[in-house]
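Here's the structure we're looking at; comments come further down.
In the numbering used here, the protein residues as written are 1314 to 1460.
Encoded structure:
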């Protein structure tokens, strides 16, 4: 019987990495992603100035707020891209089980963006931000999820 390969997806709104546990029990990063909009300012993400609207009763003009916060939209797009990369990794037979590690809001979004097949493979999830934790320190944070 072949051993079960587990992929640990460690993500936040702007960084993600796919981590695998080796035969000796140590973790090592397979792939990492960083959002290109991670450190961008709002005016760099969209228009410099919001659109203007004329008042119907007089000559006053007002700025129109965007419908979505541009930073939140960039984070949502990044989480969607990570979910797509998870599908692609499964298509290449990189894992059998999936463990998701992310802060609560990102974890919820990631679970929503996963396809049904990937959601069924998700064996566990951890609500922590471990994106900046080095590989050699991951074992102590992921002990409850070790499969």
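Here a beta-carbon is modelled for each residue, glycine too, at the ideal position from N, C-alpha and C.
Fair warning: this is a prediction, and the values are worked out from it, not measured in the lab.
Inset, instruction - Please name the residue or residues paired with residue 1320 in a DSSP beta bridge. - result: To locate residue 1320, count along the chain shown from 1; it is residue 7. Note: residue 1320 sits in a beta bridge opposite 1333 and 1411.
Inset, instruction - Might you give, ordered along the chain, the residues of its own chain that have their beta carbon closer than 6 Å to the beta carbon of residue 1403, omitting 5 neighbours on each side? - result: As a working note, residue 1403 is residue 90 in the chain shown. Closer than 6 Å at the Cβ level, and outside the excluded window around residue 1403, lies no residue.
Legend entry - heavy atom of the ligand ADP below 7 Å from residue 1341 C-beta: For the structure depicted, the ligand ADP is absent and the ligand set is empty, with no information on it obtainable.
Legend entry - Exposed unless 16 or more other CB atoms sit within 10 angstroms - verdict on residue 1397: Within the chain shown, the letter at position 84 stands for residue 1397. So residue 1397 ends up on the exposed side.
Legend entry - Inter-stretch contact at 8 Å, needing at least 3 Cβ pairs: the segment 1405-1421 / the segment 1429-1443: Flag = yes, the segment 1405-1421 and the segment 1429-1443 touch.
Legend entry - Identified DSSP bridge partners for residue 1328: As a working mapping, residue 1328 is identified with position 15 in the chain shown. Paired residues: 1347.
Inset, instruction - With distances taken Cα to Cα, identify the nearest neighbour of residue 1318 among 1406, 1426 and 1447. - result: As a working mapping, residue 1318 is identified with position 5 in the chain shown. When each option's Cα is compared against that of residue 1318, the closest is 1406.
Legend entry - Where residue 1394 falls: helix, strand or coil (DSSP): Numbered from 1 along the chain shown, position 81 holds the residue referred to as residue 1394. Of the three classes helix, strand and coil, the one that applies to residue 1394 here is helix, per DSSP.
Inset, instruction - Taking only the alpha-carbon atoms, compute the straight-line gap between residue 1493 and residue 1456 and give it to the nearest angstrom. - result: Within the shown structure, residues of the chain are numbered from 1314 to 1460, placing residue 1493 beyond reach of any answer.
Legend entry - Within 8 Å, strictly: CB atoms of residue 1390 and residue 1431: Along the chain shown, read from residue 1 onward, the residue named residue 1390 stands at position 77. Along the chain shown, read from residue 1 onward, the residue named residue 1431 stands at position 118. Cβ atoms of residue 1390 and residue 1431: not closer than 8 Å.
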